[in-house]
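Position one of the sequence shown corresponds to residue 48 (the numbering used here), numbered consecutively onward.
Idealized CB from N, CA, C, for every residue including glycine.
Here's the structure we're looking at; comments come further down.
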Amino acid sequence: MYQVIALKFRPQRFEDVVGQDHVTRVIRNGIDSGRIPHAFIFSGPRGVGKTSVARILAKCLNCEKGPTSTPCNECRLCREITASRAVDVFEIDAASHTGVDNIRELIENARYAPAMSRYKVFIIDEVHMLSKSAFNALLKTLEEPPAHVVFIMATTEVEKVPLTVLSRCQRYEFRRIGVDDIISQLRHISSLEGLKITDDAMMTMAIQADGSMRDAQSIMEHLASFGKQEIDVDSVEEILGIIDHATLRSLLKAIVDRDAIEMIKLIDRVYQFGKDLTQLYKTLLEQFRNMMLLKLGYNELPIPLEDKAFLTDLVEAIPFEEIHRFLSILIRSEEDLKYSMLPRITVETILLRIVSAPRLADLAKVIDAISSGKLPALPEVAIQPSTREEPSLYKKPIDGHPKLWEGFLGYLRDHDHALYAVLSKSRLVSEKEGEVVLSVSSAFMADQVNRILPDVSKRARGFFNRDVRIEIGFEDAGKGDKEKPPPSEIRARAMKSHVVREVLSQFNGVIRDVRPKK
Ligand SMILES: Nc1ncnc2c1ncn2[C@@H]1O[C@H](COP(=O)(O)OP(=O)(O)O)[C@@H](O)[C@H]1O
Ligand SMILES: [Mg+2]
Ligand SMILES: [Zn+2]
């Protein structure tokens, strides 16, 4: 008789349950020590073993050799439970029996002693689906449960189960099953089933299953039904409707290279092949996340080695900030796609938004460059966005600009803090090649600056590679607040600073607020 893989390989003993040791260990200990609660609740995603563990638990309670944490699986009661035929074990799907009447019937049934075993076991699946009155009815029984009754409730949405119910249950949280665990289980099954599957195919199935053993197994089952000699990654991509990895790689490369034309061509190709663009989008999101983590130096990504090598190469070329921003744009735009009637155009638009964003420089490098006075060249921008406040500033190349006073100050801060401490109290009025005008707020300060001027000039000569004439003026300190420059003036002054402009353009920023220096 043909049996689907998921059923054929349903774990029948706690040892066979993969990836849920934290749950099975505690349940076993409880049974071994004779403490058997009247209600359990199993929460967790689909296909991770909740129903399987509930059935094993029912056997533990009712096995002829029990109660035991190692049911024999051979006695009549065990075998009946395996086959879902046990008269004292009831499986109720709350999703289709939400009403209070169903629960009343169940409670009525619970009052009578079991027909032929130790316990009456009620396994209630998707228990969060019960109506409010059904929960209330259930609660009464949970408060005073008959001695021979055990409830095992399972749910994928535990937050929807009333606290009053939860507090009467022993609670177990099932986890997503890790890629490695899924792969070894798939290996185990495929060897017993005589299936040949390549490693990459196995890995792709396990990743796509997203933590669900049941999903992983049904993907494998589906592939096996084609009767191919060997299941490779192409067939997995094919049946899952995911974009093939060659195209995916080209697409990622086109995005990183900001090659808009190539990108549009590739999207078109994916579209022509009838692939689901939402799936493509999801894949891109995952890949950019992988890229971000690789850039961070995170090495534990469960992806095929070859993919890892490819992505590592790819992220070499772009700074972390840029990957991070690409990812943020993808995440923020997800809604657009969800509600779009024209997914293809939407995907194109979102990706164009990404490749046309101004390039971001490496934050660490920029800060370094600014503080050492060596400003990096303004990165080339592939397509100029139109949303900037002052577009002219962003277009003006400032490569090769003479080294700047602010840069010099940064240099002093690191190399001669005494000079910096005094000089930083002055304000830059103007700067030309070889000439700098500073102003300070008082005659006293002017005197201070004048005293260090010879040293500053020496430092400046070293830094700028030429003589720099430094002039000091002072603004009358007695002017008070009313004489403080208006914000528009401060803003205009700020925009004159090359450092400010450089920072704005490197980080694609705008000036939000200006305040007079104290
Ligand atoms: N932790 C696991 N270990 C081994 N197989 C599992 C596990 N979880 C699920 N499976 C497989 O998936 C099938 C469905 O699992 P099930 O216990 O019904 O999951 P759930 O009730 O959590 O949705 C099982 O028959 C089994 O083949
Ligand atoms: Mg289930
Ligand atoms: Zn038994």
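- request: Note the first and the last residue of the continuous beta strand (DSSP E) segment covering S90.
  value: Unbroken beta strand (DSSP E) run through S90: A86 to S90.
query: Alpha carbon to alpha carbon, how far is T251 from K275?
result: Using only the alpha carbons, I get a separation of about 17 Å.
task: Return yes when the Cβ of C216 is within less than 7 Å of the Cβ of A86, no when it is not.
output: A contact, by the Cβ cut-off of 7 Å.
message: Going by C-alpha to C-alpha distance, which of I376, R218 and S473 sits closest to I88?
response: The shortest C-alpha to C-alpha distance from I88 to any of I376, R218 and S473 is the one to R218.
query: Can you give the beta carbon distance from N109 to S164, rounded, assuming they're within the 8 Å contact cut?
result: Approximately 4 Å separates the beta-carbon atoms of N109 and S164; this is inside 8 Å, confirming the contact.
- request: Classify A133 as buried or exposed, calling it buried when 16 or more other Cβ atoms lie within 10 Å of its own Cβ.
  value: Counting Cβ neighbours within 10 Å, A133 comes out buried, since at least 16 surround it.
field: Own chain residues within Cβ distance below 7 Å of F357, not counting five before or after
entry: Cβ within range, chain order: R296.
query: Given a threshold of 16 other Cβ atoms within 10 Å of its Cβ, counted over all protein chains shown, does G520 qualify as buried or as exposed?
result: It is exposed - the Cβ of G520 has fewer than 16 other Cβ atoms within 10 Å.
query: What's the C-alpha gap between I397 and I499?
result: For I397 and I499, the distance between alpha carbons rounds to 55 Å.
message: For N149, tell me which candidate among A130, R391 and S180 has the shortest Cα-Cα distance.
response: Here the closest residue by C-alpha is S180.
- request: With a cut-off of 8 Å on the beta carbons, I'd call L331 and V317 a contact; round off their distance for me.
  value: Between L331 and V317, the beta carbon gap of about 11 Å keeps them out of contact (Cβ cut-off 8 Å).
message: Tell me which residues pass a beta-carbon proximity test against ligand 3: closer than 7 Å to any heavy atom, given in chain order.
response: Qualifying residues, in the order they occur: K106, C110, E111, K112, G113, P118, C119, N120, E121, C122, L124 and C125.
message: For A364 and F554, what's the separation of their Cα atoms in angstroms?
response: Between A364 and F554, the C-alpha separation is close to 18 Å.
H175 burial status per 10 Å Cβ neighbour count (16 or more: buried): H175 comes out buried.
- request: Please report how far the alpha carbon of R261 lies from the alpha carbon of S418, in whole angstroms.
  value: Each residue's alpha carbon lies about 56 Å from the other.
field: Pocket of ligand 2 defined by Cβ to heavy atom distance under 6 Å
entry: Here the list is K97, T98, D172 and A201.
message: Which of the three DSSP states is assigned to I350 in this structure?
response: Coil.
message: Looking at the strands, I want to know which residues DSSP matches up with E220.
response: S90.
- prompt: Pairing CB atoms from the region 277-297 with CB atoms from the region 233-253, are three or more of them under 8 Å?
  reply: The region 277-297 and the region 233-253 touch, with no fewer than 3 CB-CB distances between them shorter than 8 Å.
task: Identify the continuous alpha helix (DSSP H) that holds S486 and give its terminal residues.
output: First-last for S486: E482 to V487, but that is the beta strand (DSSP E), not the alpha helix (DSSP H).
- prompt: Tell me, which residues are paired with E333 by DSSP?
  reply: Per DSSP, none; premise fails for E333.
query: How about G258: is its Cβ closer than 6 Å to a heavy atom in ligand 1?
result: No.
task: Could you name the residues that DSSP lists as bridge partners for I615?
output: Here the chain covers residues 48 to 565 and nothing more, so residue 615 does not appear.
field: Supposed contact pair L313 and L324 - C-beta distance, whole angstroms, cut 8 Å
entry: Going by Cβ atoms, the distance from L324 to L313 rounds to 12 Å, so no, they are not a contact pair.
message: On the criterion of 16 or more Cβ atoms from any shown chain inside 10 Å, does P118 qualify as buried, or is it exposed?
response: It is buried - the Cβ of P118 has at least 16 other Cβ atoms within 10 Å.
task: Within the region 176-206, note down every full alpha helix (DSSP H) run reaching 4 residues or more, in order along the chain.
output: Residue ranges of uninterrupted alpha helix (DSSP H) with 4 or more members, entirely inside the region 176-206 and ordered along the chain, are 179-190.
field: Buried or exposed (CB count within 10 angstroms, at least 16 for buried), I74
entry: Looking at its Cβ environment, which holds 16 or more other Cβ atoms inside 10 Å, I74 is buried.
- prompt: For V586, which beta-bridge partners are listed by DSSP?
  reply: Nothing can be reported for residue 586: it is not among the residues displayed for the chain, which extend from 48 to 565.
field: Alpha-carbon to alpha-carbon, F137 and F169
entry: Near 5 Å, if we compare the C-alpha coordinates of F137 and F169.
task: To the nearest angstrom, report how far apart R234 and G146 are at their CA atoms.
output: Roughly 43 Å separates the two Cα atoms.
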